[in-house]
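Before any comments, here is the structure.
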Amino acid sequence: MRRLPSPHQWFFGRRRDQQWPLVLGQRRIFIVPTAAGMLFALVLLVMLIGAINYDLSLGHALIFLLAGLGLVAMVHSFHNLFGLRLTPGRADAAFVGDLARFPLQLENPRRRQRRALELSFSGQPVVAVDLPAEGGVTIALPCRAQRRGRLDPGRVTLATRYPLGLFRAWSYIHPSWSCIVYPKPLRTPLPPTSPAITADHRQGDSGQEDFAGLRPRQLSDPTRHIAWKAVARRSDEQALLVKQFAGGASDELWLDWSLTPPDRDSEERLSILAGWIMLADEGQACYGLRLPGQQVAPATGSAQRASCLQALALYEPGEIGDAV
Amino acid sequence: MRSRPPQAIEQGAVPWLLAVALATASPHAEHLPPWLSLLFGAALLWRLWLWRQRRPLPPRWCLALLVLGALAAIAWQYRSLLGRDSGVAMLVLFMALKPLEMKTRRDALVVVLLGFFLLLTHYFYSQSIPTGLWLLASCTLLTAALIRLHGGAQPLAAIVRQAGLLLLQAMPFMLILYLLFPRVSGPLWGLPQDAHAGRSGLSSEMAPGSISNLILSGAIAFRSHFAGEIPEKADLYWRGPVLDAYDGLTWRASTPAAGLPRMAPVVESRGAQYSYTSIIEAHNQRWLLALDVATSLPAGTLQAPTLEVLAREPLRARSRFSFASSVDYRANRAESAAVLQQALSLPAAINPRARALAERWKSRPPARIADAVLGMFRNEDFHYTLRPPLLGADAVDEFLFGTRRGFCEHYASAFVFLLRAAGVPARVVAGYQGGEVNPVDGYLIVRQSDAHAWAEVWLAGEGWVRYDPTAAVAPSRIEQGIVAALPEGEPLPAIVGLDADWLRQLRYRWEAANNAWNQWVLGYNPQRQRDILSRFGMPNPDWRSMSTALAVLCGVVLLLVTVWTLPRRRRVDPAQRAWQKYCAALARRGVPRAAWEGPLAFAVRVAVERPQLAEVTSEAARCYAALRYGRGDSEQLLVLQECVHRLPARWRKSA
Chain A
1385 MRRLPSPHQW FFGRRRDQQW PLVLGQRRIF IVPTAAGMLF ALVLLVMLIG AINYDLSLGH
1445 ALIFLLAGLG LVAMVHSFHN LFGLRLTPGR ADAAFVGDLA RFPLQLENPR RRQRRALELS
1505 FSGQPVVAVD LPAEGGVTIA LPCRAQRRGR LDPGRVTLAT RYPLGLFRAW SYIHPSWSCI
1565 VYPKPLRTPL PPTSPAITAD HRQGDSGQED FAGLRPRQLS DPTRHIAWKA VARRSDEQAL
1625 LVKQFAGGAS DELWLDWSLT PPDRDSEERL SILAGWIMLA DEGQACYGLR LPGQQVAPAT
1685 GSAQRASCLQ ALALYEPGEI GDAV
Chain B
792 MRSRPPQAIE QGAVPWLLAV ALATASPHAE HLPPWLSLLF GAALLWRLWL WRQRRPLPPR
852 WCLALLVLGA LAAIAWQYRS LLGRDSGVAM LVLFMALKPL EMKTRRDALV VVLLGFFLLL
912 THYFYSQSIP TGLWLLASCT LLTAALIRLH GGAQPLAAIV RQAGLLLLQA MPFMLILYLL
972 FPRVSGPLWG LPQDAHAGRS GLSSEMAPGS ISNLILSGAI AFRSHFAGEI PEKADLYWRG
1032 PVLDAYDGLT WRASTPAAGL PRMAPVVESR GAQYSYTSII EAHNQRWLLA LDVATSLPAG
1092 TLQAPTLEVL AREPLRARSR FSFASSVDYR ANRAESAAVL QQALSLPAAI NPRARALAER
1152 WKSRPPARIA DAVLGMFRNE DFHYTLRPPL LGADAVDEFL FGTRRGFCEH YASAFVFLLR
1212 AAGVPARVVA GYQGGEVNPV DGYLIVRQSD AHAWAEVWLA GEGWVRYDPT AAVAPSRIEQ
1272 GIVAALPEGE PLPAIVGLDA DWLRQLRYRW EAANNAWNQW VLGYNPQRQR DILSRFGMPN
1332 PDWRSMSTAL AVLCGVVLLL VTVWTLPRRR RVDPAQRAWQ KYCAALARRG VPRAAWEGPL
1392 AFAVRVAVER PQLAEVTSEA ARCYAALRYG RGDSEQLLVL QECVHRLPAR WRKSA
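Going down the list, the protein sequences come from chains A and B.
Number 1509 in our numbering belongs to position 125 of the first sequence; there are no gaps in the numbering.
Number 1209 in our numbering belongs to position 418 of the second sequence; there are no gaps in the numbering.
Encoded structure:
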């Protein structure tokens, strides 16, 4: 069932802003007194009663001056946002658990500075920024990436209490913004180079492989790589050792879904794959990615890393069952 | 709205808040008990030290103990926690201790609001021009503290400038509200006992020394503004209480309970009438000090049978009254027997020598008796001095036949005694004589140093006639004022003595400014508000029309402030404006230019998408690129501006 829109959504709509740069006009700016503002009004009222009771003319003057100050502060809070020009930028991808950063350019066309602007996605950390007169600044709005996939941070709340904290003026901007969130890389050693995806392939290639050494077994290592003889020779029997191979097909490393431990849930397997991609990328290896139903041809470099990670990020787990 | 965790106060904002505490509380040191001022100073210094050393604030229980202890001390000092002074003391105490637990921005806000409240309490004690200036200065500081609190670190000058700007923009609202906010008169509830403490002025009795003390004060008693010319200085007798009961030492006003009929006085004016408006300082008594003798009274006042003008209530605040008076009059030609009887009564068995003297004059007509007394004062060796010798039980005898030194009080007292002893009804009148015209605003200023006492004698057919026995001794007292009359070496009244010319000019200006301040700021009461508003074309202002005017004017000013602070458009150069116009026209025809698209790239895209617009667009783009990035000339600008008109009409947009 579709969720009913909240009154707020219903009122302001879910429409995304399309025109950039966006100039904040008076129809986009809301303003209400803050709790401090209410308290200020209450104090003024009490003071007024006191001034009337004791017939303090100068007291009247003080209270009226402060009332005027409140009104002026309202105008200034409003103008602190009014006419601000905003242009969203492209967000870089992030890993799960990190902060995705959405760049937003703020430009101040007027001759006075704008101070203490607070920007945030709903429920996310607040970024405070001051804008110089007739100048601009680009900020990176943080949004915690919690799930793999495409992250829509929602709308930005742009608020200010400057100058006196008596009023809060705010505006929402809602760019069609998103960023890719990669699975959190799980650092496990790379799978052995090119141990062929199919059994027959492996047989044929075995002669080209060079034995490179032993290392403790990781969860992701297939059982057939365990060096049983070496394990038998060791007295402590604490860890199983696996054989490592070098050379051979090392110039073409295939990071395959099927090489990940099948007893793990799919998100964890994707994380393992992401860890491999990071490792392979750090080692400047030439690698490809195989996922059920799709593959990325082997290549090197950051573009390869990005496209592999993106494939992981956007992978639909529903396809897993029929592919393996 | 999202609720946020309390925001910690910035390190750099603390000194601002300490300054707020200092500015709003320190003027109270004048009337606070010294221990509280010391506590306040110590608390601020402590907080300052903690701030400099970046140490944690004291624990709560420590502050709670301090508060409780200090509250107990205040209660003990003032015997109550509810009065005006103890209330102020408590506010100062809170202002001293609040910074010591100031951690969050909310605490800081409480300090600022407390500061506003403390500012208000200053006006209990003074509402002078310097206090008004102090108001503006401390408001600027408080606003600056708020700006610092919410705007982060900035140069000091920038913060103060911003605060000044905000206050400047708030001023029109203050003026409008001040003029139009419906004023409520009188207290909303009973004022505490100490609300009107410490007023000086004439008292309702004349005991030895009571007037000479007044004469030494330069304080202003009242100011008068005459509609036409001002009477001669010698005619400026301002009538206060009439003292007709004597006990041998003190002259008092006989109480109504003495059985005198409350007859309305009958005044026949014989000369010019003077109309004038007086602004009388609060003196906590009912008499209004009209020029002798009033012929037309302000509304809500009455003329006592003894001719002084009385308000219904004691004068608790500076007030304006309009009178008309005559200085040449006949009053109460038919006086009741009881009043005359009272004007003859003397305590028995005192002043035998004076009685004996009066006995010898008894056969003469009353007017001649009075003249005889004045003649005695004038011709014999009497002196005018503010430092008379002390007198004993037979004060009049000792004065007339012994010391012969005194001032108005002695002369009026002896004069009335002699006349009564000779069988002529007479009484003492207390009030003020003279005054000084301020050339700056034309107001006549009467000070406490002009306090005076004279006599009135009832003559058949004439009514009450004024006699000033002091004038017989020291005519200059009446004609030129107290300073001229006093011999060399006498103590001079405080302000009156300063006679350097430039000082006098300065004083005139200062007093004129004070007078305007009093009328516009302090004396702005419901009555005055009605007067002003009717002069501005609101003939009969009620609260409803006032609120409407208030709302409309405030709205207009708010609009003006909004426009004032509106972001100014940057000047766009003509080439850019023409290009934007051209692009807007293309956008209306369905080819919007993307923000990142340069003019030439845009022209290329337009040529692909809309071949029929290709030629004109490439020309426009070329001109614009040349103007903006190259060395374009005015001709190209003209071509660019023309391009819009060369576009095909809208109906061809789908073509």
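Think of the CB as a built atom: it goes at the ideal place given N, C-alpha and C, for glycine as much as any other residue.
Nothing here was measured: the structure is a model prediction, and the numbers come from that model.
Discussion item. Rounded to the nearest angstrom, what separates B/F907 and B/V1228 at their Cα positions?
Written reply: Linking B/F907 to B/V1228 through their CA atoms gives a straight-line distance of about 39 Å.
Worksheet item: Helix or strand or just coil, what does DSSP make of B/L859?
Response: Correct three-state label for B/L859: helix.
Item to complete: Note down the Cα distance separating B/D1035 from B/A1217, rounded to an integer number of angstroms.
Response: Near 8 Å, if we compare the C-alpha coordinates of B/A1217 and B/D1035.
Discussion item. Suppose you measure from the CA of B/R1159 to the CA of B/I1236; what does that come to, to the nearest Å?
Written reply: Distance from the CA atom of B/R1159 to the CA atom of B/I1236, rounded to whole angstroms, is 36 Å.
Discussion item. I'd like to know if the stretch 1267 to 1279 of chain B and the stretch 1180 to 1189 of chain B are in contact, where contact means that at least 3 CB-CB pairs between them fall below 8 Å.
Written reply: Contact between the stretch 1267 to 1279 of chain B and the stretch 1180 to 1189 of chain B is not established, with fewer than three Cβ pairs separated by less than 8 Å.
Fill in: Opening and closing residue of the alpha helix (DSSP H) in which B/T1261 lies
It spans P1260 to V1264 - the alpha helix (DSSP H) in which B/T1261 sits, taken as one unbroken run.
Worksheet item: Secondary structure at A/L1503, three-state DSSP: helix, strand or coil?
Response: Judged by DSSP in its simplified three-state form, A/L1503 adopts strand.
Practice prompt. Indicate whether B/A880 and B/L924 have their beta-carbon atoms separated by less than 7 Å.
Written response: No, the Cβ-Cβ distance between B/A880 and B/L924 is not below 7 Å.
Worksheet item: Any idea if B/D1259 is buried or exposed, counting beta-carbon neighbours within 10 angstroms, 16 or more meaning buried?
Response: By the 10 Å Cβ count, B/D1259 comes out buried.
Discussion item. Are the CB atoms of B/G942 and A/A1500 within a distance shorter than 7 Å?
Written reply: Contact flag set, yes.
Worksheet item: By the 10 Å Cβ neighbour count, where 16 or more other Cβ atoms means buried, how is B/T1176 classified, buried or exposed?
Response: Around the beta carbon of B/T1176, 16 or more other beta carbons lie within 10 angstroms, which makes this residue buried.
Discussion item. Run through the DSSP bridge pairs and tell me what A/W1554 is partnered with.
Written reply: DSSP, once it has assigned bridges, lists A/F1414 and A/A1543 as partnering A/W1554.
Discussion item. Any C-beta of chain B within less than 9 Å: which residues of the stretch 1435 to 1456 of chain A qualify?
Written reply: Answer set for the stretch 1435 to 1456 of chain A: A1435, I1436, N1437, Y1438, D1439, L1440, S1441, L1442, G1443, H1444, A1445, L1446, I1447, F1448, L1449, L1450, A1451, G1452, L1453, G1454, L1455 and V1456.
Worksheet item: Are the Cβ atoms of A/P1567 and A/L1654 separated by less than 7 Å?
Response: Yes, they are a contact pair.
Worksheet item: Just by C-beta distance, which residues in the stretch 1548 to 1570 of chain A are closer than 7 Å to chain B?
Response: Listed by position along the chain: L1548 and G1549.
Worksheet item: Quick one: what's A/D1640 bridged to in DSSP?
Response: Per DSSP, A/R1674.
Discussion item. Please tell me whether B/A1447 and B/V1219 are closer than 7 Å, where the distance is taken between their beta carbons.
Written reply: This structure leaves residue 1447 of chain B out entirely; chain B is present only between 792 and 1446.
Practice prompt. For B/N1004, count neighbouring C-beta atoms within 10 Å of its own C-beta (all shown protein chains included) and say buried if the count is 16 or more, exposed if not.
Written response: Classification of B/N1004: exposed, given that the 10 Å Cβ count is below 16.
Worksheet entry | B/F1168, enclosing alpha helix (DSSP H) - first and last residue | Counting along the chain, the alpha helix (DSSP H) containing B/F1168 begins and ends at P1157 to N1170.
Worksheet item: Unbroken beta strand (DSSP E) runs of length 3 or more, entirely within the stretch 1030 to 1111 of chain B: which are they?
Response: List check, beta strand (DSSP E) in window: 1058 to 1060, 1064 to 1071, 1085 to 1087, 1092 to 1094 and 1100 to 1102.
Worksheet entry | Closest Cα partner of A/D1682 within the set A/A1697, A/L1698, A/D1665 and A/P1676 | In the sequence as presented, Asp is not what sits at residue 1682 of chain A; that position holds Pro. For the residues A/A1697, A/L1698, A/D1665 and A/P1676, the minimum Cα distance to A/P1682 belongs to A/D1665.
Discussion item. Quick test of your reading: B/T934 and B/I800, contact by CB under 8 Å. State the CB separation rounded to the nearest angstrom.
Written reply: B/T934 to B/I800, Cβ: 17 Å. No contact.
Practice prompt. Indicate the three-state DSSP secondary structure (helix, strand or coil) for B/M886 in the structure shown.
Written response: B/M886: helix per DSSP, three-state reduction.
Discussion item. Per the DSSP calculation, A/P1472 is bridged to which residue(s)?
Written reply: For A/P1472, which the question treats as bridged, DSSP gives the partners A/L1488.
Worksheet item: The alpha helix (DSSP H) with B/F1393 in it runs from where to where?
Response: From DSSP, the alpha helix (DSSP H) with B/F1393 extends over P1390 to E1400.
Fill in: Neighbour list for A/A1425 in chain B, Cβ cutoff strictly below 7 Å
Under the 7 Å cutoff, chain B gives no residues; its nearest Cβ is about 11 Å from A/A1425.
Discussion item. Strictly by DSSP, which residues pair up with B/F1013?
Written reply: B/F1013 is bridged to B/I1071 and B/V1237.
Item to complete: Taking B/W1245 as part of the beta strand (DSSP E), name the residues at either end of that continuous run.
Response: Run containing B/W1245: A1242 to L1250, per the beta strand (DSSP E) assignment.
Discussion item. Just to confirm my understanding: we take B/A1446, look at its own chain, exclude 5 residues before and 5 after, and list those with CB closer than 6 Å. What are they?
Written reply: Since pLDDT at B/A1446 reaches only 38, below the 50 mark, its modelled position is unreliable, and the value read off the structure follows with that caveat. Nothing meets the Cβ criterion.
Fill in: Residue from B/L884, B/A1366 and B/A1386 with nearest C-alpha to B/A1411
Ranking B/L884, B/A1366 and B/A1386 by Cα distance to B/A1411 puts B/A1366 first.
Worksheet item: Just to confirm, are B/Y1420 and A/F1448 a CB contact at a threshold of 7 Å?
Response: Here B/Y1420 is not near A/F1448, since their CB atoms are 7 Å or more apart.
Discussion item. The ligand ATP and B/K894: does the residue's C-beta get closer than 6 Å to at least one heavy atom of that ligand?
Written reply: With respect to small molecules bound, the structure shown includes none, and the ligand ATP cannot be examined in it.
Item to complete: Measure from the C-beta of A/W1641 to each C-beta in chain E and report whether the shortest distance is under 7 Å.
Response: No chain E is part of this structure, whose protein chains are labelled A and B.
Worksheet item: Roughly how many angstroms separate the alpha carbons of A/R1534 and A/A1658, rounded to a whole number?
Response: Answer to the nearest angstrom: the Cα atoms are 16 Å apart.
Item to complete: Check the Cβ-Cβ distances between A/A1475 and every residue of chain B, and say whether any is below 7 Å.
Response: Chain B, which has no Cβ nearer than 7 Å to the Cβ of A/A1475, makes this no.
Practice prompt. Classify B/G989 as buried or exposed, calling it buried when 16 or more other Cβ atoms lie within 10 Å of its own Cβ.
Written response: Low confidence applies to B/G989: its pLDDT is 48, below 50, so where it sits in the model is not reliable, and the reading given next is rough at best. Answer is exposed; the Cβ neighbour count stays below 16.
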